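**Student:** So that we are looking at the same thing, I have put the structure below in structure tokens.
Residue numbers (mature numbering (1 follows the signal peptide of the UniProt record, and there is no 0)): -19 to -1, 1 to 361.
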């Protein structure tokens, strides 16, 4: 089992080892020379007692061509960016790979807590130190006047601490949005814009946020008085106090209800709006007295000539006249008393008789009316 694991590991790293080694071609120069032969014969003369002569061959070779050739061979060396160590293993070469591991030529993988910056592994601080230096992973060395904050890095130091503000310099506070400075340099108070939050009847407890006094509630953009019951025809101007609109007064029975007011008493009517009376049934607006109702007598049932309407359809006759009812017309009227009763007719104010329709004066008596075209008498 162990041998199998070792073999597997070797198989896994062999491609990496192979990738770090390169094969180079080595060229060894050598000279190649060619010759050509020069042929010649020479006659040799000599004298030994006698003169002698002999033909001698004196051929010789001269260089014809001369060239340099190369012999090529291969050699295994470390690839560029690698160097061979004592164990004959090619390792990548990096310059300045502190706090990291050289994984390829001039390529560092930084250790945990470090990051690459300008090719160098430097410690990481989160958040960044700002007014200080990150000297180790998560460790800031702050400048004078600043202190380390685990959530903000190096922040200015203020003593005492800023209230509703941020310490932006040594003992210097800057108020948050919605707050303003006070005489105490480290204290910032909330601001309320009257157009957004009018705290006239309350206290500004936060940016544009009012805490209303008892009896008031915040509505719209201000603290307004609260009335437990809704004000009808009026406005809540103080806690549980209704102020009526013009032309209205508080109802004695229900102070939260404002009822219309009529400057003159609505005789025979009801005040339904400021200085506006609505007449009761059987009454009508007076033509002479404002906001006054007078009785009405329907002409279908009452003839008010020689009399006065004193109640709905109730007639009071003028002096010298008496009240009568006509079964034929169905109306009540005032008649002048005649010396003799008008038969089938109406006694007029001058004492004469006016015959009913369909009747005419009798020839024998002025106070008697007879049916036209009939010879019979019809009593009233």
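Note that the Cβ used here is the ideal one computed from N, Cα and C, for glycine as well.
These numbers were taken from a predicted model, which means no experiment stands behind them.
#1: Where does residue 1 sit, in a helix, a strand or coil, going by DSSP?
#2: Specify the secondary structure class of residue 186 as computed by DSSP and reduced to three states.
#3: If you measure between the beta carbons of residue 261 and residue 249, is that distance less than 8 Å?
#4: Hey, would you say residue 137 sits closer than 8 Å to residue 148, going by beta carbons?
#5: Since residue 31 is in the beta strand (DSSP E), which residue starts that stretch and which ends it?
#6: With DSSP as the reference, label residue 67 as helix, strand or coil.
#7: Which of the three DSSP states is assigned to residue 107 in this structure?
#8: Alpha carbon to alpha carbon, how far is residue 276 from residue 266?
#9: When burial is assigned at 16 or more other CB atoms within 10 Å of the CB, is residue 313 buried or exposed?
#10: Pairing CB atoms from the segment 44 to 59 with CB atoms from the segment 21 to 34, are three or more of them under 8 Å?
#11: Alpha carbons only, please: which of 294, 210, 156 and 333 is nearest the one belonging to residue 188?
#12: What residues in its chain sit with their C-beta under 8 Å from that of residue 78, if we drop five residues either side in the sequence?
#13: Taking the straight line between their C-alpha atoms, what separation do you get for residue 295 and residue 305?
#14: Give me, in chain order, the residues of the same chain whose beta-carbon lies closer than 7 Å to that of residue 146; leave out the 5 immediate sequence neighbours on both sides.
#15: My output table needs one value for residue 347: the three-state DSSP class, helix, strand or coil.
#16: Among the residues of its own chain, which have a CB less than 8 Å from the CB of residue 178, if the five just before and after it don't count?
#17: Assuming the contact rule is C-beta atoms closer than 8 Å, residue 54 and residue 13 should be a hit. Round their C-beta distance to whole Å, please.
#18: Per DSSP, what are the beta-bridge partners of residue 61 in this structure?
#19: For residue 241, is the classification buried or exposed, using 16 other Cβ atoms within 10 angstroms of its Cβ as the cut-off for buried?
#20: Give the range of the beta strand (DSSP E) segment to which residue 237 is assigned.
#21: Going along the chain, which residues of its own chain have a beta-carbon closer than 6 Å to the beta-carbon of residue 362, five neighbours each way excluded?
#22: Rounding to the nearest angstrom, what Cα-Cα distance links residue 258 and residue 245 in this structure?
#23: Between the Cα of residue 183 and those of 223, 8 and 195, spot the shortest distance and give me the residue it belongs to.
#24: Can you give me the C-alpha to C-alpha distance between residue 180 and residue 107, rounded to a whole angstrom?
**Tutor:** The structure says:
#1: DSSP, reduced to helix, strand and coil, places residue 1 within a helical segment of the structure shown.
#2: For residue 186, the three-state secondary structure derived from DSSP is strand.
#3: Their beta carbons are under 8 Å apart, which means residue 261 touches residue 249 by this criterion.
#4: The Cβ atoms of residue 137 and residue 148 lie closer than 8 Å to each other.
#5: Membership of residue 31 in the beta strand (DSSP E) is indicated by the continuous run 31 to 38.
#6: Coil at residue 67, not helix or strand.
#7: Coil.
#8: Note on geometry: alpha-carbon atoms of residue 276 and residue 266 lie some 9 Å from one another.
#9: By the neighbour-count rule (16 or more Cβ atoms within 10 Å), residue 313 is buried.
#10: Segments in contact, no.
#11: Ranked by Cα distance from residue 188, the options 294, 210, 156 and 333 are led by 156.
#12: Counting only Cβ-Cβ distances below 8 Å, and skipping sequence neighbours, we find 89 and 102.
#13: Between residue 295 and residue 305, the C-alpha separation is close to 12 Å.
#14: Counting only Cβ-Cβ distances below 7 Å, and skipping sequence neighbours, we find 154, 155, 156, 157, 160 and 169.
#15: DSSP, reduced to helix, strand and coil, places residue 347 outside both helices and strands of the structure shown, so it counts as coil.
#16: Only 185, 189, 190, 191, 199, 202 and 203 meet the Cβ criterion.
#17: Wrong, their Cβ atoms sit about 18 Å apart, outside the cutoff.
#18: In the DSSP output, where bridge partners are listed per residue, residue 61 has none listed.
#19: Buried, by the Cβ-count rule.
#20: Per DSSP, residue 237 belongs to no beta strand (DSSP E) and is neither H nor E.
#21: Beyond the ends of the chain as shown, which are -19 and 361, falls residue 362; an answer cannot be given.
#22: C-alpha separation (whole angstroms): 9 Å.
#23: Measuring C-alpha to C-alpha distances from residue 183 to each of 223, 8 and 195 identifies 195 as the nearest.
#24: Each residue's alpha carbon lies about 43 Å from the other.
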